[in-house]
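In the numbering used here, the protein residues as written are 3 to 367. Since the structure comes first, as structure tokens, the remarks are kept for the end.
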């Protein structure tokens with residue numbers, strides 16, 4: 003289990019209990035309902051069917067929350083019109099869990115003339131037929147890069163603290179991925195269709211490394227702090243930690259609109275309706291501040307949150323590189339999260355996860 007990985011593993015494979023630990027993600031999706039409703043009203047009635055493609059949908063309730071506003075808004079526009087909802091994600095998504103929710107009482111199939119389907123693949127590639135999509139959405143997903151990079155990154159596990167060649171390599175991959183994403187949407191969207199992307203973002207801050215303040219900066223520094231104690235105690239390989247970076251990029255406004263300015267095909271394809279990075283609508287300074295008075299619950303929630311999005315990356319690219327067997331890797335994971343929870347219990351608020359939300363709304367010309 004100590005062999006080098008090629009870096010070809012998808013960034014989000016085997017996320018752990020994502021639905022149960024997606025409180026922050028759910029808040030962000032719900033906060034974008036107004037944008038969805040406005041877009042649907044502008045799109046107007048469709049000749050055959052209104053088709054909503056939700057990209058990076060995940061396995062849980064956020065996938066339902068992402069599409070319900072568009073269904074309700076389209077019903078106001080076309081009471082008897084046909085609606086198709088297409089959930090797009092990678093093969094390892096829990097599709098049975100997702101469609102169990104879709105067909106449940108909390109799903110969206112109770113109304114008439116609504117059908118559901120899946121498109122399986124990477125949202126960096128084309129996920130629907132050319133010109134077939136009325137509305138494409140992507141919530142809290144596009145910050146995951148197409149693949150991990152194996153680079154030297156001592157002192158950090160987070161893109162925003164990278165410097166020199168390491169930062170340049172990550173920036174190049176992020177720019178290339180995002181350009182691919184936008185070109186794929188340009189193919190899928192019908193003229194007059196909308197793309198709404200909202201994810202974790204970054205904003206200029208001269209006091210930060212590289213002059214950029216990214217969402218959750220203290221959280222990722224806490225992750226590195228805990229992992230470093232395990233290196234000191236001889237539990238983790240220092241080499242493995244020095245080469246581990248979460249495959250993330252939280253875009254600034256300039257990151258988001260850059261390809262639209264720099265590439266003539268994308269500039270011709272899209273009209274920019276909104277491009278912004280703002281504080282999250284709920285608990286922007288601490289995702290779990292409502293539980294600050296309860297140290298146990300606060301620490302438990304943060305631990306669950308990191309397990310939900312991060313355990314797969316930590317296992318594949320850090321713990322397995324320091325273990326000889328699956329059992330040893332499991333033990334390292336258990337030790338890490340015990341220490342992580344202890345840190346948050348001892349110092350509630352110190353490593354709070356700030357949330358900046360990047361929103362990009364584009365209209366297909």
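Backbone N, C-alpha and C define an ideal beta-carbon position, used for all residues, glycine too. What you are looking at is a predicted structure, and each value in this text was computed from that prediction instead of being measured.
From the options, residue whose alpha carbon lies closest to that of residue i
{"i": "residue 72", "options": "337, 51 and 207", "result": "51"}
{"i": "residue 247", "options": "341, 155 and 55", "result": "155"}
{"i": "residue 47", "options": "25, 37, 76 and 64", "result": "76"}
{"i": "residue 97", "options": "273, 167 and 63", "result": "63"}
{"i": "residue 331", "options": "338, 167, 340 and 321", "result": "321"}
{"i": "residue 314", "options": "339, 296 and 297", "result": "339"}
{"i": "residue 114", "options": "45, 74 and 141", "result": "74"}
{"i": "residue 34", "options": "283, 344 and 337", "result": "283"}
{"i": "residue 357", "options": "271, 328 and 222", "result": "222"}
{"i": "residue 120", "options": "160, 93 and 127", "result": "93"}
{"i": "residue 268", "options": "84, 180, 49 and 235", "result": "180"}
{"i": "residue 83", "options": "49, 107 and 70", "result": "49"}
Short Cβ contact (7 Å threshold) for residue i with residue j
{"i": "residue 150", "j": "residue 253", "result": "no"}
{"i": "residue 175", "j": "residue 147", "result": "yes"}
{"i": "residue 68", "j": "residue 89", "result": "no"}
{"i": "residue 259", "j": "residue 203", "result": "no"}
{"i": "residue 201", "j": "residue 360", "result": "yes"}
{"i": "residue 316", "j": "residue 325", "result": "no"}
{"i": "residue 162", "j": "residue 122", "result": "no"}
{"i": "residue 100", "j": "residue 109", "result": "no"}
{"i": "residue 125", "j": "residue 58", "result": "yes"}
{"i": "residue 61", "j": "residue 29", "result": "no"}
{"i": "residue 255", "j": "residue 271", "result": "no"}
6 Å CB neighbourhood of residue i in its chain, flanking five on each side removed
{"i": "residue 237", "result": "none"}
{"i": "residue 86", "result": "51, 53 and 117"}
{"i": "residue 153", "result": "168 and 171"}
{"i": "residue 355", "result": "218, 221 and 289"}
{"i": "residue 133", "result": "192"}
{"i": "residue 281", "result": "none"}
Contacts around residue i, its chain only, beta-carbon distance under 8 Å, and the 5 residues preceding and following it disregarded
{"i": "residue 342", "result": "224, 225, 228, 304, 305 and 308"}
{"i": "residue 299", "result": "293"}
{"i": "residue 158", "result": "164, 222, 223, 226 and 247"}
{"i": "residue 206", "result": "213, 214, 215 and 254"}
Close Cβ partners of residue i (< 7 Å) along its chain, the five nearest in sequence each way excluded
{"i": "residue 10", "result": "With a pLDDT of only 45 at residue 10, under 50, the local geometry of the prediction cannot be trusted, and the value read off the model is given with reservation. Closer than 7 Å at Cβ, skipping near neighbours: 149."}
{"i": "residue 290", "result": "300, 303 and 304"}
{"i": "residue 347", "result": "297, 298 and 301"}
{"i": "residue 79", "result": "42, 43, 46 and 47"}
{"i": "residue 111", "result": "104, 105 and 118"}
{"i": "residue 70", "result": "110"}
Rounded separation between residue i and residue j - CA only
{"i": "residue 294", "j": "residue 286", "result": "14 Å"}
{"i": "residue 91", "j": "residue 182", "result": "16 Å"}
{"i": "residue 369", "j": "residue 81", "result": "This structure cannot speak to residue 369, because the chain is shown only from 3 to 367."}
{"i": "residue 41", "j": "residue 242", "result": "46 Å"}
{"i": "residue 56", "j": "residue 350", "result": "35 Å"}
{"i": "residue 177", "j": "residue 31", "result": "24 Å"}
{"i": "residue 266", "j": "residue 344", "result": "51 Å"}
{"i": "residue 336", "j": "residue 239", "result": "16 Å"}
{"i": "residue 187", "j": "residue 193", "result": "11 Å"}
{"i": "residue 233", "j": "residue 173", "result": "28 Å"}
{"i": "residue 166", "j": "residue 245", "result": "15 Å"}
{"i": "residue 264", "j": "residue 231", "result": "44 Å"}
{"i": "residue 328", "j": "residue 160", "result": "26 Å"}
{"i": "residue 128", "j": "residue 257", "result": "21 Å"}
{"i": "residue 130", "j": "residue 210", "result": "40 Å"}
{"i": "residue 36", "j": "residue 208", "result": "33 Å"}
{"i": "residue 312", "j": "residue 273", "result": "35 Å"}
{"i": "residue 235", "j": "residue 310", "result": "26 Å"}
{"i": "residue 15", "j": "residue 107", "result": "In this predicted model, residue 15 has a pLDDT of only 48, less than 50, meaning its place in the structure is not dependable; the value taken from the coordinates is given anyway. Whole-angstrom Cα-Cα distance: 28 Å."}
Anticipated Cβ contact below 8 Å, residue i with residue j, distance rounded
{"i": "residue 139", "j": "residue 198", "result": "5 Å"}
{"i": "residue 366", "j": "residue 195", "result": "5 Å"}
{"i": "residue 45", "j": "residue 136", "result": "5 Å"}
{"i": "residue 142", "j": "residue 275", "result": "Wrong, their Cβ atoms sit about 20 Å apart, outside the cutoff."}
{"i": "residue 261", "j": "residue 184", "result": "6 Å"}
{"i": "residue 251", "j": "residue 145", "result": "6 Å"}
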